[in-house]
Amino acid sequence: MEWCQVRTNPERRQALLDAAIEVLASDGARGLTFRAVDKEAGVPAGTASNYFANRDDLLTQAGGRFYERLRPSEATMAKLAEGPQTRAHILELMKETVGRIEAFRTGYLALLELRLEATRRPELRAVLTDRVRADIDFNVRNHLDAGLPGDEKSVLLLYLALNWLIVDRLTLPDVFTEQQSQELIEAAVDRVIGREDRAVSTPETL
3 MEWCQVRTNP ERRQALLDAA IEVLASDGAR GLTFRAVDKE AGVPAGTASN YFANRDDLLT
63 QAGGRFYERL RPSEATMAKL AEGPQTRAHI LELMKETVGR IEAFRTGYLA LLELRLEATR
123 RPELRAVLTD RVRADIDFNV RNHLDAGLPG DEKSVLLLYL ALNWLIVDRL TLPDVFTEQQ
183 SQELIEAAVD RVIGREDRAV STPETL
């Protein structure tokens with residue numbers, strides 16, 4: 003019967019997941035209900051329950067939607083692949099990444115709520131672990147493929163350092179000013195990559 007089938011309209015599903023992210027950010031994981039999502043999305047009561055099998059399904063898909071919305075633009079990916087292989091270029095990319103995440107404040111706060119909820123839900127923990135690991139692998143692979151200075155450990159150290167800076171900026175914004183944030187990003191790149199701007203040698207420059 004139709005009432006027990008999960009709907010598949012992709013645009014409506016995305017809108018509901020976007021609403022779920024807003025609910026997570028404002029009310030936490032405990033406040034995430036189908037009713038709350040329907041209200042946030044401005045749709046008739048009962049709509050969300052037609053698109054997600056249960057609350058756990060909604061939680062895990064909301065985590066995936068966060069990464070979809072934070073995916074770098076084609077212009078950013080082109081800049082990564084074609085830009086100069088220098089420390090200055092890495093700094094530019096790191097500032098772009100931090101800025102992109104900070105601009106989606108509710109999304110990152112929702113992800114923090116999902117991480118906390120994952121400590122109590124093994125299935126959600128498995129989903130988030132796979133997603134975060136894939137994101138890290140994606141960043142490492144792109145960094146190495148682009149021939150940028152540094153190695154896998156460099157990417158991991160920047161990931162760890164900048165993630166905590168983002169947490170402070172989005173949860174306790176008075177701890178570091180915007181100027182301090184920019185200076186700390188630069189300091190992190192300096193410590194991990196080095197201060198000097200040395201382009202990586204390529205067959206054409208050898």
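Each residue of the sequence shown is one higher than the last, beginning at 3 in the numbering used here.
We put the beta carbon where it would ideally sit given N, CA and C, even for glycine.
The model shown is predicted, which means the values in this text are computed figures rather than measured ones.
To the nearest angstrom, how far is it from the Cα of Gln184 to the Cα of Val194?
For the purposes of this step, residue 184 is taken as residue 182 along the sequence shown, with counting starting at 1. For the purposes of this step, residue 194 is taken as residue 192 along the sequence shown, with counting starting at 1. Taking the straight line joining both Cα atoms gives about 16 Å.
Give the secondary structure of Val177 by DSSP, where H, G and I count as helix, E and B as strand, and everything else as coil.
To locate residue 177, count along the sequence shown from 1; it is residue 175. In the structure shown, Val177 sits in coil (DSSP, three-state: anything other than H, G, I, E or B).
Can you have a look at Asn52 and say buried or exposed, based on whether 16 or more other CB atoms are within 10 angstroms of its CB?
Sequence index remark: in the sequence shown, residue 52 carries index 50 (1-based). Its Cβ being crowded by 16 or more others within 10 Å, Asn52 is buried.
Around the C-beta of Phe68, are 16 or more other C-beta atoms found within 10 angstroms, so that it is buried, or is it exposed?
Translated into positions along the sequence shown, residue 68 becomes position 66. Buried.
What residues in its chain sit with their C-beta under 7 Å from that of Arg71, if we drop five residues either side in the sequence?
Position 69 of the sequence shown, counted from the start, is the residue given in the question as residue 71. Excluding sequence neighbours, Arg71 sits near Phe106, Gly109.
Pick out whichever of Val169, Leu118, Glu13, Ser75 has its Cα sitting closest to the Cα of Leu26.
The residue labelled residue 26 in the question sits at position 24 within the sequence shown. Out of Val169, Leu118, Glu13, Ser75, Leu118 has the C-alpha closest to the C-alpha of Leu26.
Given a threshold of 16 other Cβ atoms within 10 Å of its Cβ, counted over all protein chains shown, does Thr156 qualify as buried or as exposed?
Counted from its first residue, the sequence shown places residue 156 at position 154. Note that residue 156 is Ser in the sequence shown, not Thr. That one is buried.
Provide the residue span of the alpha helix (DSSP H) that contains Phe36, from first to last.
Within the sequence shown, the letter at position 34 stands for residue 36. Phe36 -> alpha helix (DSSP H) spans 36-43.
What separation, rounded to the nearest whole angstrom, lies between the Cα atoms of Asn54 and Asp40?
In the sequence shown, counting from the first residue as 1, residue 54 sits at position 52. In the sequence shown, counting from the first residue as 1, residue 40 sits at position 38. Sequence check: residue 54 is Phe here, not Asn. Near 12 Å, if we compare the C-alpha coordinates of Asp40 and Phe54.
Are Leu18 and Gly65 close, meaning C-beta to C-beta below 7 Å?
Position 16 of the sequence shown, counted from the first residue, corresponds to residue 18. Position 63 of the sequence shown, counted from the first residue, corresponds to residue 65. No. Outside cutoff.
Can you tell me which of Asp147, Glu94, Asn141 puts its alpha carbon nearest to the alpha carbon of Leu159?
Position 157 of the sequence shown, counted from the first residue, corresponds to residue 159. Ranking Asp147, Glu94, Asn141 by Cα distance to Leu159 puts Asn141 first.
Quick one: measure Cβ to Cβ for Leu225 and Leu172, integer angstroms, because I've assumed they're closer than 8 Å.
There is simply no residue 225 to check, as the chain begins at 3 and stops at 208 in what is shown.
Helix, strand or coil: how does DSSP classify Phe68 here?
Looking up residue 68 in the sequence shown gives position 66. Residue state, collapsed to three classes: helix.
With a cut-off of 8 Å, do at least 3 Cβ pairs link the region 137-154 to the region 87-102?
As far as the Cβ criterion goes, the region 137-154 touches the region 87-102, which means the pair count is three or higher.
Which residues bound the alpha helix (DSSP H) around Pro124?
Numbered from 1 along the sequence shown, position 122 holds the residue referred to as residue 124. Pro124 -> alpha helix (DSSP H) spans 124-147.
If you count every other CB in all the chains shown that lies within 10 Å of the CB of Glu180, and 16 or more means buried, which is it?
Within the sequence shown, residue 180 is the residue found at index 178, counting from 1. By the neighbour-count rule (16 or more Cβ atoms within 10 Å), Glu180 is not buried but exposed.
Rounded to whole angstroms, how far is the Cβ of Ile187 from the Cβ of Tyr161, which I believe are closer than 8 Å?
Within the sequence shown, the letter at position 185 stands for residue 187. Within the sequence shown, the letter at position 159 stands for residue 161. The Cβ separation is near 13 Å, so there is no contact.
Taking the beta carbon of Val129 as the centre, do at least 16 other beta carbons fall within 10 Å, making it buried, or is it exposed?
By one-based count along the sequence shown, residue 129 stands at place 127. Counting Cβ neighbours within 10 Å, Val129 comes out buried, since at least 16 surround it.
For the alpha helix (DSSP H) that Arg107 lies in, which residues bound it at each end?
Translated into positions along the sequence shown, residue 107 becomes position 105. Its alpha helix (DSSP H) spans residues 107-120.
Any idea what DSSP makes of Tyr161, helix, strand or coil?
Reading the sequence shown from its first residue, position 159 is the one you call residue 161. DSSP places Tyr161 in helix when its eight states are reduced to three.
CB Ile103 to CB Val191, shorter than 7 Å?
Numbered from its first residue, the sequence shown carries residue 103 at position 101. Numbered from its first residue, the sequence shown carries residue 191 at position 189. Against a cut-off of 7 Å, the Cβ pair of Val191 and Ile103 comes out as no contact.
Can you check whether the CB of Leu60 is closer than 7 Å to the CB of Ala22?
Working through the sequence shown from its first residue, we reach residue 22 at position 20. Working through the sequence shown from its first residue, we reach residue 60 at position 58. Closer than 7 Å, so yes.
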